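Here it is as structure tokens:
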């Protein structure tokens, strides 16, 4: 299909030295040479006992950042690559990185790829059993750990299982004799990263290094990334150099310094600076916050942890960052908390309303422009300054971003461009363009990605879960049990204008699509298909930016260098997606997450949960109701805001969180927010009952994935008693 807008035509035509089809190692080497004197990495002192500090890199004072230029980073990568080779790493060996997001993670990743290895990743919160699986399934021959404690877990896994680990490397220093059990001839040797560097510096030969890079083909395996998964055993997703490179190409065309971009428009180039804090073990941060940034000659600074983002962002002053919706919700919560409940809170609320109106207006009138300028001066300037004062844009992925939250941030001059992707697509499929962002959508597909919609696994009820021809908005009453019921007045009918023919399971095809799953041929066969898909079954949702001929799901794509490999194979995402007439996509829900009520109605939980994203009373929410008569919810209240409200009202709440959750005054305070959310929902979607829970859901307590998605099965198991108590009581009023 032909591009329909100027920016789409420019995106298709654009090329620069970053865009190509070589390996990741060649891409980094070329970028490092082009940007030798620019800053590549920033690292904070006092966080790690880095073995490279003092000898290879400057030792940073506590709570201060120091930097590395590309020239020095390139040298470190080359010497580490030679060191890994000297330790016995060969082409196609699987080597795991088991560390938090930090400078050395990136250095080891680039070095291992240059050595010809296949990098596999392990999350630091993995149990010993999980570590054993994540090292055993890919048959890893070596592991690079962040610290000695993580190395201990690896050695425990080696002793407990049948692992083929030949050596372990630790990024931090450790005291002599720390790994006494590794001193025998039959034990696994443990080295510091400094040792690897020193061996590589002694053994390095430029000719050999260039041969290692030349010997790798774009279609060679680059990484195995295990899906964090909300259910079941993780699957190793096979991603080639071409998969990653194609995704970098697509992102670069959308965000690169194209000549058509006007002054002030968001651009990702060598002047960009990001703060990295999401797990590099996850494909989202690894591609968007790592490979894309280094390919562009940009700077990546590493946060101490997710808990110090506010502190680190002020020190680093980034121009961009990639994150998940949960982090943006927390940033917004901190803004609200800082504003307070008095005059400052009133002014903040007024400014938010003005910013939202300004963002929604196609052509703001003079009055709105003046009010927005005042709001900017009084509120938004300080908000931006608290975030370092240089943010051009944020990227959101890994979950559904609330449209209201996106509008509020944009109104403050902090645009969040929401995108969508999966591990199997390396990962970006679509993302909102800076030229024409649409809050509430995940943008149009990237230039080199084909998408299609398949409704063969849907029924009418499933479609009804995501679109309603008429959504009745009525007052909602409540009884003394926490049940919320509609009064049936059916006022304020809303037409959403969605054509059911534009909704279905999203299928993705392109050079970024994975080869399949490691050692899982049956699951690969189910998720990836080479067969031509019947046109009456699949409705093409191809973005308007590919080439001059229409790409249909049954068409054979041209064999361009970028499109070889897996480009002819369709990947079934398992996600329910709506395609709008302008080509933008809207994420609805996971097909497996749709709730099937006992009444036969289907409900998509994520859009309902998203209505609480900007709530000052609800911190976390999970909608439930599968095979039940009505929709209910588990809610973690905002305890800080609840206690502040109680103090202001002279209410003496219990100190214990569990007791607070049982307190009817606290329940009534939350009920007001649930009533507000229900007002915009169809009758069968409304939350009729809820239970408050005292525990925040985090990756540490295994209720969220490392990418901050809800582990619904674990949440259901953790709060079974509360869920059963909800449904033990009969609904007091039928819909």
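In this note's numbering, the protein residues as written are 649 to 1383.
Heads up, the beta-carbon is just placed ideally off N, CA and C, and yes, glycines get one too.
Keep in mind that this is a model prediction, so the values were computed, not measured.
By the beta-carbon neighbour count (other beta carbons within 10 angstroms, threshold 16), residue 991 is exposed. When the five nearest sequence neighbours on each side are left out, the beta carbons in the same chain lying within less than 6 angstroms of the beta carbon of residue 1035 are those of 961, in order along the chain.
Under the DSSP definition of a beta bridge, residue 983 lacks any partner. Rounded to whole angstroms, the separation of the alpha carbons of residue 964 and residue 1026 is 24 angstroms.
In the DSSP annotation of this structure, the continuous segment of the beta strand (DSSP E) that includes residue 970 starts and ends at 968-971. In its chain, beyond the 5 residues on either side, 1048 and 1050 have a beta carbon closer than 7 angstroms to the beta carbon of residue 1258. Taking a C-beta distance under 8 angstroms as the contact criterion, residue 751 and residue 950 qualify as a contact pair. Under a 10 Å Cβ-count criterion, residue 881 is classified as exposed, with fewer than 16 other Cβ atoms of the shown protein chains found around its own Cβ. Taking the C-beta atoms as reference points, residue 973 is found no nearer than 8 angstroms to residue 871.
Residue 792 counts as buried, since at least 16 other C-beta atoms from the protein chains shown sit within 10 angstroms of its C-beta.
In the DSSP assignment, residue 1042 falls within the beta strand (DSSP E) that extends over 1041-1044.
Here residue 971 is near residue 1042, since their CB atoms are less than 8 angstroms apart.
A Cβ-Cβ distance of about 7 angstroms is found for the pair residue 780 and residue 811, placing them in contact under the 8 angstroms criterion. In this structure the stretch 887-898 does not touch the stretch 914-930; the number of beta carbon pairs closer than 8 angstroms is below three. When Cβ pairs closer than 8 angstroms are counted between the two stretches, the stretch 691-705 is seen not to touch the stretch 659-667, the count staying below three. Secondary structure note for residue 663: it is in no alpha helix (DSSP H), with a DSSP letter that is neither H nor E. Residue 904 and residue 666 do touch by the CB rule: their CB atoms are close to 7 angstroms apart, below 8 angstroms. Taking a cut-off of 8 angstroms for Cβ pairs, the stretch 734-748 and the stretch 782-789 touch, as three or more such pairs fall below it. Counting along the chain, the unbroken alpha helix (DSSP H) around residue 1030 starts and ends at 1029-1034.
At a cut-off of 3 residues, the continuous stretches assigned as beta strand (DSSP E) that sit fully inside the stretch 736-821 are 742-746, 766-770, 790-793 and 815-818.
Closest by C-alpha distance to residue 966, out of 947, 1320 and 749, is 947. The stretch 1273-1286 makes contact with the stretch 1314-1332: 3 or more CB pairs, one atom from each, lie closer than 8 angstroms. Under DSSP, the beta-bridge partners assigned to residue 839 are 817. Residue range 1014-1023 is occupied by the alpha helix (DSSP H) that includes residue 1023.
Going by DSSP, residue 1318 is part of the alpha helix (DSSP H) stretching over 1312-1326. When secondary structure is reduced to three states using DSSP, residue 1102 falls in the strand class. Residue 1150 is not a Cβ neighbour of residue 1254, given a cutoff of 8 angstroms.
DSSP places residue 1375 in the uninterrupted alpha helix (DSSP H) bounded by 1368-1376. Secondary-structure assignment with DSSP links residue 1226 through a beta bridge to 1151 and 1234.
Residue 656 sits in a helix when the DSSP states are folded into three classes. When the five nearest sequence neighbours on each side are left out, the beta carbons in the same chain lying within less than 6 angstroms of the beta carbon of residue 713 are those of 690, 692 and 963, in order along the chain.
The C-alpha of residue 952 is placed about 33 angstroms away from the C-alpha of residue 911. Cβ contact annotation for residue 1265 (same chain, cutoff 8 angstroms, sequence separation greater than five): 1285, 1286, 1289, 1290, 1317, 1318, 1320 and 1321, in chain order. The DSSP-derived three-state label of residue 1349 is coil. The C-alpha of residue 844 is placed about 26 angstroms away from the C-alpha of residue 865. Measuring C-alpha to C-alpha distances from residue 821 to each of 809, 1271 and 842 identifies 842 as the nearest.
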